Each structure stands twice: as structure tokens, then as C-alpha cells.
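A quick write-up on the structure given underneath.
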Amino acid sequence: MSEVRIAGLLAGQVPLGTQVAVKGWLRTRRDSKAGLSFLHVSDGSCFDPLQVVVPDTLANYQEEILKLTAGCSLVVEGRLLKSKGSGQATELQASSVRVLGWVEDPDSYPIAAKQHSFEYLRQVAHLRPRTNTFGAVARVRHCLAAAIHRYLDEHGFIWIHTPIITANDCEGAGEMFRVSTLDMLNVPRAADGAVDFSEDFFGRGAYLTVSGQLNVETYCQALSKVYTFGPTFRAENSNTPRHLAEFWMIEPEIAFADLADNADLAEDFLKSIFEALLSERSDDMAFFAKRIEPECIKRLEAFIESPFERMEYADAISALEKSGKSFEFPVAWGRDLQTEHERYLTEEYLKRPVVVMNYPKEIKAFYMRLNEDGRTVAAMDVLAPGIGEIIGGSQREERLAVLDQRIEEMGLNRDDYWWYRDLRRYGTVPHAGFGLGFERTVQYATGMANIRDVIPFPRTPKNADF
RNA sequence: UCCCCGAUAGCUCAAUUGGUAGAGCGAGCGGCUGUUAACCGCUAGGUUGCUGGUUCGAGUCCAGCUCGGGGAGCCA
Numbered sequence: 208m209s210e211v212r213i214a215g216l217l218a219g220q221v222p223l224g225t226q227v228a229v230k231g232w233l234r235t236r237r238d239s240k241a242g243l244s245f246l247h248v249s250d251g252s253c254f255d256p257l258q259v260v261v262p263d264t265l266a267n268y269q270e271e272i273l274k275l276t277a278g279c280s281l282v283v284e285g286r287l288l289k290s291k292g293s294g295q296a297t298e299l300q301a302s303s304v305r306v307l308g309w310v311e312d313p314d315s316y317p318i319a320a321k322q323h324s325f326e327y328l329r330q331v332a333h334l335r336p337r338t339n340t341f342g343a344v345a346r347v348r349h350c351l352a353a354a355i356h357r358y359l360d361e362h363g364f365i366w367i368h369t370p371i372i373t374a375n376d377c378e379g380a381g382e383m384f385r386v387s388t389l390d391m392l393n394v395p396r397a398a399d400g401a402v403d404f405s406e407d408f409f410g411r412g413a414y415l416t417v418s419g420q421l422n423v424e425t426y427c428q429a430l431s432k433v434y435t436f437g438p439t440f441r442a443e444n445s446n447t448p449r450h451l452a453e454f455w456m457i458e459p460e461i462a463f464a465d466l467a468d469n470a471d472l473a474e475d476f477l478k479s480i481f482e483a484l485l486s487e488r489s490d491d492m493a494f495f496a497k498r499i500e501p502e503c504i505k506r507l508e509a510f511i512e513s514p515f516e517r518m519e520y521a522d523a524i525s526a527l528e529k530s531g532k533s534f535e536f537p538v539a540w541g542r543d544l545q546t547e548h549e550r551y552l553t554e555e556y557l558k559r560p561v562v563v564m565n566y567p568k569e570i571k572a573f574y575m576r577l578n579e580d581g582r583t584v585a586a587m588d589v590l591a592p593g594i595g596e597i598i599g600g601s602q603r604e605e606r607l608a609v610l611d612q613r614i615e616e617m618g619l620n621r622d623d624y625w626w627y628r629d630l631r632r633y634g635t636v637p638h639a640g641f642g643l644g645f646e647r648t649v650q651y652a653t654g655m656a657n658i659r660d661v662i663p664f665p666r667t668p669k670n671a672d673f
């Protein structure tokens, strides 16, 4: 007897009539007076459950089958047959059903066979993967992650495992989580009363990374095309459907490249992974289109087919000024684009993704390359309808003198960046890269409204449960 | 962190000007049916988020707290 996953059975990989064993969890049970029960069993390998037909002639029919409830774990053996019903092509005619684990007190089982709110399911995050939605999210998440690695591998990128713990308290991307083994009830003090981190584990202050970019640039300057894909941490008190304290980020970095190359990569990369998603997880995407966001498949198809708009920051400002809209936040050259501005550009003005390029240097990071005009830097943001900023990137400043000047202008300490500056002293090359928020990508693809529902165990202010 | 809203049965919600808490789903039992968001009947299920206050009387009004949601900022 062969043992197979339900995905393979439903995909027709096993000939009808074959005797198989299936292991999974019960979704629903319906009994018929014709002397049989119908079980929907899922093993998570695909969206659809397998229908199992159980005749009342099985020895444990009265004592066990009729008492099965949602969530029970089962081993079903039987023959794969063409279904007599209309809801599915094939079904399993059971010759034995073994119950591995019962659900104690079905009345209070948190995942009843009914619709639950996402807010509620977050409180039972250990059980929510058993629902249609969260099973689908998990498979889509995996599919996109695999597609990302595959694309980058096929295009000659090397995956660099940049550190999670960093002693750079100067990465400049917001509040950081401190990593310490000091006894917080009895911290060592220096003479001036400040905490003495020289006695801490690393002999200095240490933090969780907010970005692998500075580290990955070092490998970029040797391997040409590299990327990071790992968890990232921000200790910002952000309470929105788009922010997490712990999230995953992809950061490609390419040498011998400028901002235009960077934008081209971002576009080809995004289109490629969404194409993979549509072809490999059509079952889950059909579910999202039916129950979560009716437009999500059409949106991805349009995303793949139409070229991204490319727009100068200055032109974006002009478009906003000419829009006739009254924005809550003022529009002016030198000011950053607010959420409402980004939404207007992608959702009303262009109705598709746009790469906004060359921002005023004052509102961007020190490492972004200064343009000829002396007032803008080669930065880019990829904005998408419905989600806003999905990618932020730039060409990096490869000229040491200019980099030093920018470090000084921003009030940063040059010595803190000694190894980063070394890259500009030893065989510097033009290079560029960007950061893609993985959860936001999953959100965009599925239409899931809240970022807390596209990561298994969301970490947000006041919540690190599970 | 700021603004707005919310917390009532396992879940989703209702409850009139302050007057003894109700429905659907789920669960249990029974009926019916190659069923599939099944359908029909019956039953059980509540210290109304926490603390305090006003009142003869509070799910309802007031204050504080906790947690959740939406919007904004920060950003990916």
C-alpha cells in the first residue's frame, strides 16, 4: 500500500482503484441514513480536503466514526474512486479509519466548523493553521519564499547569512531591540552612573538587526550579486495593519550597477515571484479571490503584464500639486511622500505600481548616492496599489569623499563606519540594492488586510504570545 | 505615540428613556438525506473584560485600567 499526500491524490497522481493510506485532520463530518458518513480530511498539502466515504459496516462506525468532530486526527486506508457526488472528482472509499487523537470537549474546541474573525483567531494562533485561510497563507508564504530563492539563484545571486545580532547602534533605521545578558536588577555602572556595557556579553552594547544591508554590501564587493533573506527587528511602537516588530526582509545587492539597473531588477524580480505564485498555488489564490479579496488574482496578472511606471520624485510632487486634491499633509518639494500621497499616485493617478526615484537628500539615508544636482540622491521606492511602499532601495554612495561628507552632514560618527568606508578605499565600484518586506509581499498577493495574519506568530507592541 | 471605535454564551452579534439577558452558528440528542456553508426538531450553555463610582435598581451612565480594531506617524 502506498502512502501519499492529499495534494497528489487530488491531482490525479495516483490511478483510480489504488489502495492508499491518508493521514490528516478531520474538517467536517456528514452522516447519511443510506448507511455511510462523509468525512472531509485535510493534511495541509493543498487547499481542498479529501472526501472520505465511510460505510457503516466498519467495526468502529457506531462507537467512533459517528462521534468524530472537527480537529480529530485520523489514518484512513481505502481505495481511491471516482466520486458519485458532485462536489469533487475523486474520493476515498474507506476500508479502515483509525482515530489517532480525539478532540476533548468539542463544544469548546476553538476552531469550530464555522467562520471565525481574524481577531479571534490571533488569540488561538497555535490552532489557526487548521483553518482554510491560514493554511492557504502558509502555503502561499512558502511558495513566495521558495520562488524568491529560486529567482535569485537562477540569476547568479549568492545568499549571504548576515548577522541577527549587531553591535552597530548606528544603522539608522529606527529603534532597536537591545540584546543583553546583564542582570537588569543590578546593572554594572560606570563612574558617571551610565550603564557599563563593557561588562555585557559582547563587551559593548548589542542589538537585533534592523537591516542586513551594510553587512551584505561587503559580500557584494566580492561576489557581485548577493542577497539577504532573514528576520529583521524594529522596536518602533507601530500599531498598524502593515507593521510588525519582527518581520522578514529580502535585500538584494548588485555590484557594477546603478539606480536604473536596480529598478529593473526590482520589477523583473517581483513579476517573476508573482508569476510563480499564480501558477503553483492556483488553488489557494482562487480561495483568496473568492473569500478575501476578489481582485487579488486580476491585480497580480495586471502587475505581471504591465510595465512599472518610473517617475522622478520631482514629477510625483508636480502630479500631486496638480491633482486638485486637498491632502491632509502639504505637498512640497523636500517633503517626504505621505501615505495619502502614495495612495493617490498608485491608486488614482496611475492605477498601477510605480517606481519613484531621486529623492531630496535631506529625507533619505546617508549611504544613498548623491546625484549630479547635489540636492537629490539615487533613491527609489516601489509603490503598489493597496499596500503602499513595498520596496525601498537606492544606488549606494561609492565615492569615499562624498560618503564622508554625507556622514558628517547627518551628524554621524565616521569611525563607527570604518569597515563600511574601507569598501570605498579598496576597489570601490558603483552598486545598488533594495529591501523588500516579505510580509507586505504576501499581503499584496493575497489581499489579507492585516500583516498579523500573514506571519505565523506576529510580534507587535504588547504582544509576543505563543 | 496621537485620534476615533469596541469588549455580552465556545464563536458572530442583539438587548427601547437605566427595570430581572436573546438570536444565529457551533456543541449534545433525535429525525431526514450520496452528503458537501446540508436541512428539520429538541436540549444545554452567561459573575455582560477588570476595578471603583452614581442609582431603589447598571449590559446600559461616570472615572481609571487592560486588551482588541480602524486611521495617522515611523517604515518594510
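Here the first sequence stands for residues 208 to 673, numbered as in the working numbering. The beta-carbon is built from N, C-alpha and C at its ideal position, and this holds for glycine as well. Since we're looking at a predicted model, the values are computed, not measured.
Note down, one range per segment and in chain order, each beta strand (DSSP E) of at least 3 residues found wholly within the segment 570–657. 583–591, 595–602 and 638–644
Going by DSSP, name the residue or residues bridged to residue 455. Beta-bridge pairing links residue 455 to 438.
Out of 337, 444 and 653, which one is the CA nearest neighbour of residue 280? Shortest Cα-Cα distance from residue 280 to any of 337, 444 and 653 involves 337.
Taking the alpha-carbon of residue 634 as reference, which of 245, 344, 451 and 428 has the nearest alpha-carbon? 428
Expressed to the nearest angstrom, what Euclidean distance is found between the alpha-carbon atoms of residue 664 and residue 437? 15 Å
Please return the same chain residues whose Cβ sits closer than 6 Å to the Cβ of residue 462, not counting the five positions on each side in sequence. 427, 431, 636 and 638
I'd like to confirm the pairing. Which residues does DSSP put opposite residue 231 in its beta bridges? 281
Identity of the residues DSSP links to residue 247 by a beta bridge: 235 and 258
On the three-state DSSP scale, how would you describe residue 308? Correct three-state label for residue 308: strand.
Do you know offhand how far residue 317's Cα is from residue 234's? 13 Å
Have a look at 259, 620, 621 and 351 and flag the residue whose alpha-carbon is nearest the alpha-carbon of residue 647. 351
Given 8 Å as the limit, is there contact between the segment 222–234 and the segment 243–258, that is, 3 or more CB pairs closer than that? yes
Return the Cβ separation of residue 659 and residue 667 in integer angstroms, given the expectation that the two are a contact with Cβ distance under 8 Å. 7 Å
Answer yes if the segment 551–564 comes into contact with the segment 581–597, meaning at least three C-beta pairs across the two stretches below 8 Å, and no otherwise. These segments touch.
On the premise that residue 662 lies in contact with residue 451, defined as a C-beta separation below 8 Å, what is that separation, rounded to the nearest angstrom? Right, their Cβ atoms sit about 6 Å apart.
Considering just the uninterrupted stretch of the alpha helix (DSSP H) at residue 422, what are its terminal residues? 420–430
Own chain, CB closer than 7 Å to residue 355, minus 5 neighbours either side, in chain order: 436, 457 and 480
Beta-carbon proximity check, residue 509 vs residue 503, cutoff 8 Å: no
According to the Cβ coordinates, are residue 384 and residue 440 closer than 8 Å? yes
Considering only the alpha carbon of each residue, which of 669, 347 and 215 lies closest to residue 445? 669
Around the C-beta of residue 293, are 16 or more other C-beta atoms found within 10 angstroms, so that it is buried, or is it exposed? With fewer than 16 other Cβ atoms within 10 Å, it is exposed.
Between which two residues does the alpha helix (DSSP H) holding residue 415 run? Taken as a continuous stretch (DSSP letters only), residue 415 belongs to no alpha helix (DSSP H), being part of the beta strand (DSSP E) at 413–415.
Please say whether residue 396 and residue 390 have beta carbons closer to each other than 8 Å? no
Using 8 Å for Cβ pairs, my map puts residue 283 next to residue 265. What's the rounded Cβ distance? The Cβ separation is near 11 Å, so there is no contact.
Beta-carbon proximity check, residue 523 vs residue 485, cutoff 8 Å: no
Is the segment 460–474 touching the segment 402–418 in the sense that three or more CB pairs, one from each, lie closer than 8 Å? no
Looking only at its own chain, which residues have a Cβ that is under 7 Å from the Cβ of residue 538, when we skip the five neighbours before and after it? Sequence-distant partners of residue 538 (beyond 5 residues in either direction) whose C-beta falls short of 7 Å from its own C-beta, in its chain, are 524, 527, 528 and 548.
So, residue 227 versus residue 244, is the Cβ gap smaller than 8 Å? no
Run of the beta strand (DSSP E) containing residue 487, from where it starts to where it stops: Counting along the chain, residue 487 falls outside any beta strand (DSSP E), though it belongs to the alpha helix (DSSP H) covering 466–487.
For residue 273 and residue 304, the rounded distance between their alpha carbons: 12 Å
Which same chain residues end up closer than 6 Å to residue 599 when comparing Cβ atoms and leaving out the 5 residues on each side of it in sequence? 588 and 642
Terminal residues of the beta strand (DSSP E) in which residue 566 lies: 561–567
Opening and closing residue of the beta strand (DSSP E) in which residue 659 lies: Counting along the chain, residue 659 falls outside any beta strand (DSSP E), and DSSP gives it neither H nor E.
Among residues of its own chain, excluding the 5 on either side of residue 223, which ones have a beta-carbon nearer than 8 Å to its beta-carbon? 287, 288, 289 and 297
Assign residue 609 to one of two classes, buried (16 or more other C-beta atoms within 10 Å of its C-beta) or exposed (fewer than that). exposed
How would you call residue 170, buried or exposed, if buried means at least 16 neighbouring beta carbons within 10 angstroms? Lying outside 208 to 673, the shown extent of the chain, residue 170 is not represented and no answer is given.
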